[in-house]
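Just so it is clear: in the sequence shown, position 56 is 56 by my numbering, and no numbers are missing.
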Amino acid sequence: MEIMTGHSKSVLTTGFEHMTRVRGKGIDPNLSTANNKSKFYRPDLDIQTLFNMLQTAQKLYEEEVPTFTKEDLDKFGVRSHNRAVQSQEKGWFKEEIIPIEGHAPGNVEEKMIIDRDMTPRKSTVEAVSKLRRISTPFFLEKNGGKEGYIEREGTDEGVITAGNSSPLNAGATAAVLMDAEEAKKKGILPMARIVSIGWAGVDPTVMGRGPVPATQKALDYAGLSANDIDYWEINEAFCIVALNCMDKFNIPEEKVNIMGGSTAIGHPLGSTMVRLTGTLARILKDKKAQYGIANACIGGGQGVATIIENLEI
């Protein structure tokens, strides 16, 4: 925005998150709103923006019945892990990772160099299918309530597990954005050109829908269609989010998260979008492709999508 409005010619953008230090349980959402005296505060609606993320994924899944099954989610999660492992073994991510010194798990005295994401692992659908279910069903009436849910799923438990969700990671990213004329003046060849950006607001209780309207806006701004996009980086906060976006735009799997996704690599909230866009820019160069979209859902009820172009095409 700084560059688009003419306020800056070059901008350094950074972001980080340490997800393992974020409390996941025992938080009373009412504590943060109890003393809110703003005339714009509406407790019956604002509390929805604090909706549990696991539950937003479960609700999206149930609202899309019968489009997806839990097995679909698990298969996509396994695909993400196995592709990320393959990419690591080939050294593909080394060009976008700066090694740092850390310590071995549980031993601060034992130093180690961290030069790769730690959570991708070889996986199978059989193993993932046995993981503990950690979401709670809504038993939507349109799907036959609790009886219909149990008949369809074979259980009264939710479908979201660690195998079809992003893990808790720490991560940081940085990127330099520059005006085209400024880059030319400095003799810098950009990794990619930002073509358009789309933002959208959605029901906070199904925030996983966010990438769909955001992507449509970005496409409209650019005068493109989904068929014009060569590769996609869809953030796998939960596998259902990526699968839903793929379904809505009829995107073939071979165009999506081809090096592995956030189910494997992780989703440190403040750093994910730069990672997605940077990875996508490198994919476009490797594949000699022109257009790519990176998109993500956002807790609280938003979606964002960025279209980039490989200038070497």
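By construction, the Cβ of each residue, glycine as well, lies at the ideal position given by its N, Cα and C atoms.
As the structure is a computational prediction, the values presented were derived from the model and not from experiment.
Let me check understanding here. Comparing Cα to Cα, which of the options lies closest to residue i?
| i | options | result |
| --- | --- | --- |
| Asn244 | Thr279, Thr124, Gly208 and Asp74 | Gly208 |
| Gly158 | Glu110, Cys239 and Glu62 | Glu62 |
| Thr69 | Leu140, Cys239 and Lys111 | Cys239 |
| Leu60 | Asp115, Thr136 and Leu311 | Thr136 |
| Asn250 | Thr67, Gly270 and Leu140 | Thr67 |
| Ile234 | Ser262, Gly223, Ala218 and Leu73 | Ser262 |
| Glu89 | Ile100, Asp115 and Ala222 | Asp115 |
| Pro204 | Met53, Thr20, Lys9 and Phe16 | Met53 |
| Ser225 | Lys142, Lys248 and Gly266 | Lys248 |
| Lys288 | Tyr231, Lys75, Pro120 and Gly210 | Tyr231 |
| Ser80 | Val65, Glu110, Gln55 and Thr119 | Thr119 |
| Ala237 | Leu219, Gly270 and Pro167 | Pro167 |
| Leu131 | Ile100, Pro211, Glu309 and Asp74 | Asp74 |
| Ala57 | Ala294, Gly210 and Ile98 | Gly210 |
| Ala400 | Gly163, Asn164 and Ile307 | Because residue 400 is not part of the residues shown, which for the chain are 1 to 313, the question remains open. |
| Ile160 | Ser129, Ala183, Pro252 and Glu141 | Ser129 |
| Val195 | Ile188, Arg152 and Tyr221 | Tyr221 |
| Thr20 | Pro268, Thr173 and Ala242 | Pro268 |
| Ile100 | Thr272, Glu141, Thr173 and Glu126 | Thr173 |
| Ser8 | Glu309, Glu181 and Leu284 | Glu181 |
Just grab the DSSP bridge partners of residue i for me.
| i | result |
| --- | --- |
| Tyr291 | Glu309 |
| Trp92 | The partner list for Trp92 (beta bridge, DSSP) is empty, contrary to what the question assumes. |
| Thr302 | Checking the sequence, you will find Gln at residue 302 rather than Thr. Note: Gln302 sits in a beta bridge opposite Gly201 and Ile298. |
| Arg133 | Thr161 |
| Glu101 | Ile113 |
| Ser271 | According to DSSP, Ser271 bridges with nothing at all. |
| Leu280 | Leu280 is not bridged to any residue. |
| Glu17 | Gly171 |
| Arg193 | Glu309 |
| Ser10 | Met178 |
| Val256 | Trp232 |
Going along the chain, which residues of its own chain have a beta-carbon closer than 6 angstroms to the beta-carbon of residue i, five neighbours each way excluded?
| i | result |
| --- | --- |
| Glu71 | none |
| Ser138 | One detail in the question is off: residue 138 reads as Phe in this sequence, not Ser. Around Phe138: Lys59 and Glu62. |
| Glu96 | Gly278 |
| Ala175 | Thr13 and Val274 |
| Lys146 | Phe139 |
| Ile265 | Ala84 and Asp117 |
| Leu31 | With a pLDDT of 46 at Leu31, under the threshold of 50, the modelled position of that residue is not reliable, and no figure is offered here. |
| Gln65 | Per the sequence shown, residue 65 should be read as Val rather than Gln. Correct list, in chain order: Asn143. |
| Val241 | Gly208 and Cys297 |
| Ala183 | Pro190 |
| Val212 | Cys245 and Lys248 |
| Ser165 | Phe238 |
| Val108 | none |
Start and end of the beta strand (DSSP E) containing residue i?
| i | result |
| --- | --- |
| Val108 | Asn107 to Ile114 |
| Ala178 | The sequence given here places Met at residue 178; Ala does not occur at that position. Segment Ala170 to Met178, the beta strand (DSSP E) holding Met178. |
Over what stretch of residues does the alpha helix (DSSP H) that includes residue i continue unbroken?
| i | result |
| --- | --- |
| Ile150 | Gly145 to Glu153 |
| Phe249 | Cys239 to Phe249 |
| Glu236 | Glu236 -> no alpha helix (DSSP H), and no H or E assigned at all. |
| Thr263 | Ser262 to Ile265 |
| Val212 | Pro211 to Ala222 |
| Thr56 | Met53 to Glu63 |
| Ala127 | Val125 to Val128 |
Taking only beta-carbon positions, decide if residue i is within less than 7 angstroms of chain B.
| i | result |
| --- | --- |
| Ala200 | Among the chains of the structure shown, chain B does not appear; only one protein chain is present. |
Grab me the residues of residue i's own chain with a C-beta within less than 7 angstroms of its C-beta, minus the 5 sequence neighbours each way, in chain order.
| i | result |
| --- | --- |
| Gly148 | none |
| His18 | Ala170 |
| Trp92 | Met259 |
| Gly299 | Met53 and Met207 |
| Asp228 | Tyr291 |
| Thr272 | Asn235, Ser262 and Ala296 |
Can you round the beta-carbon distance between residue i and residue j to whole angstroms, since I take them to be within the 8 angstroms contact cut?
| i | j | result |
| --- | --- | --- |
| Ala305 | Thr215 | 4 angstroms |
| Lys217 | Gly198 | 3 angstroms |
| Leu338 | Arg193 | No answer is possible for residue 338: it lies beyond the span of the chain, which begins at 1 and ends at 313. |
| Gly201 | Gln302 | 6 angstroms |
| Gly77 | Gly163 | 5 angstroms |
| Gly270 | Phe16 | 5 angstroms |
Who are the Cβ neighbours of residue i in its own chain at under 8 angstroms, not counting the five residues just before and after it?
| i | result |
| --- | --- |
| Ile150 | Asp156 |
| Val11 | Glu2, Ile3, Val176, Leu177 and Met178 |
| Lys122 | His81, Asn82 and Val85 |
| Gly102 | Lys111, Met112, Ile113 and Ile114 |
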